[in-house]
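J.: Sharing a structure, written as structure tokens. Questions coming.
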Amino acid sequence: MINQQKLDDLISDIEYLKYEIQSLSKVISFVPYSRKPLGGESIIENLVSINSAQSKIVTVLEALKKQGEEIQLNDFSIFERVELSEEEIENLTVSTVLKDIESLRTDLVNFLREKPSSYFEIEMTEESKPVSVLDILWAMVTEERKSLKEIAHLVLTYQSDKQFQREIAARPKH
13 MINQQKLDDL ISDIEYLKYE IQSLSKVISF VPYSRKPLGG ESIIENLVSI NSAQSKIVTV
73 LEALKKQGEE IQLNDFSIFE RVELSEEEIE NLTVSTVLKD IESLRTDLVN FLREKPSSYF
133 EIEMTEESKP VSVLDILWAM VTEERKSLKE IAHLVLTYQS DKQFQREIAA RPKH
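Numbering (my numbering), first residue to last: 13 to 186.
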């Protein structure tokens, strides 16, 4: 049996992304969010991966209603990272992606708040191993934290670079 405090903590952690996205939206449009760092993902790709994972989790939870515990999580590739072409990146706006994440997150939190603790114990199968709804949701939180850490690092790097460029430009020329 899952205790209520653990569920409350989980739902708070899931809801936290909504507030993190609201905070990010204030600074993210001032950095080159579509630029891919060498060997890494752009900020917008990180955001699309977050949105993709939460969309797939919502799909899994909807399938759970129809199929019960017969779900094979391998079929959903929940945490597969999204890689976008330059054209796809150009066609996205960061504000649209942020709004999508925020809207879907609100719906997910509201859905989860309505569920009894027994719902979170329902198990599905992933690579022949049982995985509970609770396990999937904690995995989502963990993956999002990694992505948000990467996004924060990129934002700080771009802001530091911009500040450095301003300092160089302000130096007296000899």
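All residues carry an ideal CB built from backbone N, CA and C; glycine is no exception.
(1) Rounding to the nearest angstrom, what Cα-Cα distance links residue 39 and residue 56 in this structure?
(2) Just to confirm, is the Cβ distance from residue 96 to residue 60 under 8 Å?
(3) Distance check for residue 159 and residue 173, CA to CA, integer angstroms please.
(4) Decide yes or no for the touch test of the stretch 83-94 against the stretch 119-129: beta carbon pairs closer than 8 Å, at least 3 of them.
(5) Would DSSP call residue 94 helix, strand or coil?
(6) Please go through the same chain and pick out, in chain order, the residues whose beta-carbon is closer than 8 Å to the beta-carbon of residue 71, but skip the five residues on each side of it.
(7) Near residue 133, what residues of its chain come up, given a Cβ to Cβ distance below 8 Å and the 5 sequence neighbours on each side ignored?
(8) Should residue 126 be flagged as near chain B, meaning a C-beta pair shorter than 8 Å?
(9) Just the Cα atoms here: how many angstroms apart are residue 111 and residue 184?
(10) According to DSSP, residue 144 sits in a beta bridge with which residue or residues?
(11) List the endpoints of the continuous alpha helix (DSSP H) containing residue 47.
(12) When the Cα atoms are used, what is the spatial distance from residue 167 to residue 103?
(13) Report yes if the C-beta distance between residue 138 and residue 85 is below 8 Å; otherwise report no.
(14) Check each candidate in 25, 100, 18, 79 and name the one with the smallest Cα separation from residue 135.
(15) In whole angstroms, what is the alpha-carbon distance linking residue 153 and residue 182?
T.: Judging by the given coordinates:
(1) Residue 39 and residue 56: Cα-Cα distance of roughly 13 Å.
(2) Taking 8 Å as the Cβ cut-off, residue 96 and residue 60 qualify as a contacting pair.
(3) Their Cα atoms are separated by approximately 21 Å.
(4) No: the two stretches stay apart, fewer than three of their Cβ pairs being nearer than 8 Å.
(5) In this structure, residue 94 counts as coil in the three-state DSSP scheme.
(6) Excluding residues within five positions, the ones whose Cβ falls inside 8 Å are 88.
(7) Result list for residue 133: 13, 14, 144, 145, 146, in chain order.
(8) In the structure shown, chain B does not exist; there is a single protein chain.
(9) Approximately 44 Å between the Cα atoms of the pair.
(10) Beta-bridge pairing links residue 144 to 135.
(11) DSSP places residue 47 outside any alpha helix (DSSP H), giving it a letter other than H or E.
(12) Answer to the nearest angstrom: the Cα atoms are 21 Å apart.
(13) Going by C-beta atoms, residue 138 is nearer than 8 Å to residue 85.
(14) Relative to the Cα of residue 135, the nearest Cα in the group 25, 100, 18, 79 belongs to 79.
(15) In this structure, the straight-line span from the alpha carbon of residue 153 to that of residue 182 is close to 43 Å.
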